[in-house]
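Visitor: The following block contains the structure, expressed as structure tokens.
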Amino acid sequence: MTRLIIGLLLVLVVTTNGRTEDRAPLDGVQRIVFLGDSNTYAGAFVAYVDAVLRQHHDVQIDILNMGLPSETASGLSEPDHPFPRPCVHERLDRVLAKSKPDLVIAGYGINDGIYYPFSEERFAKYRDGISLLVKKVKASGADIILLTPSPFDPSPQRKAGKLRPDGSDKYAWFAVYENYDDVMSAYAKWILQQYEKTVDIRTPLVERTKRGQKDDSGFALSGDGVHFNDE
125 MTRLIIGLLL VLVVTTNGRT EDRAPLDGVQ RIVFLGDSNT YAGAFVAYVD AVLRQHHDVQ
185 IDILNMGLPS ETASGLSEPD HPFPRPCVHE RLDRVLAKSK PDLVIAGYGI NDGIYYPFSE
245 ERFAKYRDGI SLLVKKVKAS GADIILLTPS PFDPSPQRKA GKLRPDGSDK YAWFAVYENY
305 DDVMSAYAKW ILQQYEKTVD IRTPLVERTK RGQKDDSGFA LSGDGVHFND E
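Rendered as structure tokens:
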């Protein structure tokens, strides 16, 4: 999964969302801040992006990983989470003021649906959270590129008997709605339709998983369907 994300992010040196820009997104950029949840916080793909940019693109850019585990853009949290999930908006003003980025790369979504079936109310909270994120970043003078939510692969949790069907009383990160990837698909589609500067990480990850599972039913890009491995 890490290698796929690296390849996708390197595309943004020339283009975003399939549109070639008159000015490459990294022109004039001296500092990039990554925002996101535990997949960003883990840091592997951020470090690889840093290394590849330095090696192949002759750029001197400070890259700061400011991902935070469990974080959302929506401010929502499932009832059985051990603590209220942090929301990026609780710290965004401080992050922007102290780090002074030229470019923010942000990826939210997998936690924002709180592992429940689709809900228009939760979806609206996500849209509002992302819209406010974009607004605040741009108001600070920085540009922003959004990553689509990553997919949820149900196969690891299905094998462990941890998925929950529609109509269950409660869901959580350890007891995920069985069709939660449909929720992530809707969120990703909205991101791609709403914002020009995006990187679609969902589509190639879904396709890679399907190819792997065609040859090996146990293939997975994530040990729990949520958190990246180094594939």
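Heads up: the sequence shown begins at 125 in my numbering, then just goes up one per residue.
Ideal placement from N, C-alpha and C gives every residue a C-beta, glycine not left out.
#1: Is the segment 218-226 touching the segment 151-159 in the sense that three or more CB pairs, one from each, lie closer than 8 Å?
#2: Contact between the segment 200-212 and the segment 232-250 is defined here as three or more beta-carbon pairs at a separation below 8 Å; is this criterion met?
#3: Taking just the CA atoms, how far does residue 167 sit from residue 293?
#4: By alpha-carbon positions, which one of 236, 179, 176 ends up nearest to residue 205?
#5: Excluding the 5 residues preceding and the 5 following residue 256 in the sequence, name in chain order all residues of the same chain whose CB lies nearer than 7 Å to its CB.
#6: If you run the structure through DSSP and keep just helix, strand and coil, what is residue 167?
#7: Measure the beta-carbon distance from residue 430 to residue 315 and round it to whole angstroms, keeping in mind my assumption that it falls under 8 Å.
#8: Residue 295 to residue 287, Cα distance in whole Å?
#9: Using three-state DSSP, classify residue 123 as helix, strand or coil.
#10: So what's residue 247 in DSSP terms, helix, strand or just coil?
#11: Reducing DSSP to helix, strand and coil, say where residue 287 ends up.
#12: In three-state DSSP terms, what is residue 178?
#13: What does residue 157 pair with, by DSSP beta-bridge criteria?
#14: Tell me, please, which residues DSSP counts as bridged to residue 323.
Guide: In short:
#1: yes
#2: yes
#3: 35 Å
#4: 236
#5: 213
#6: coil
#7: The chain is shown from 125 up to 355; residue 430 falls before or after that span and cannot be answered.
#8: 9 Å
#9: Because the chain is modelled from 125 through 355, residue 123 falls outside the range shown and cannot be assessed.
#10: helix
#11: coil
#12: helix
#13: 188, 228
#14: 271
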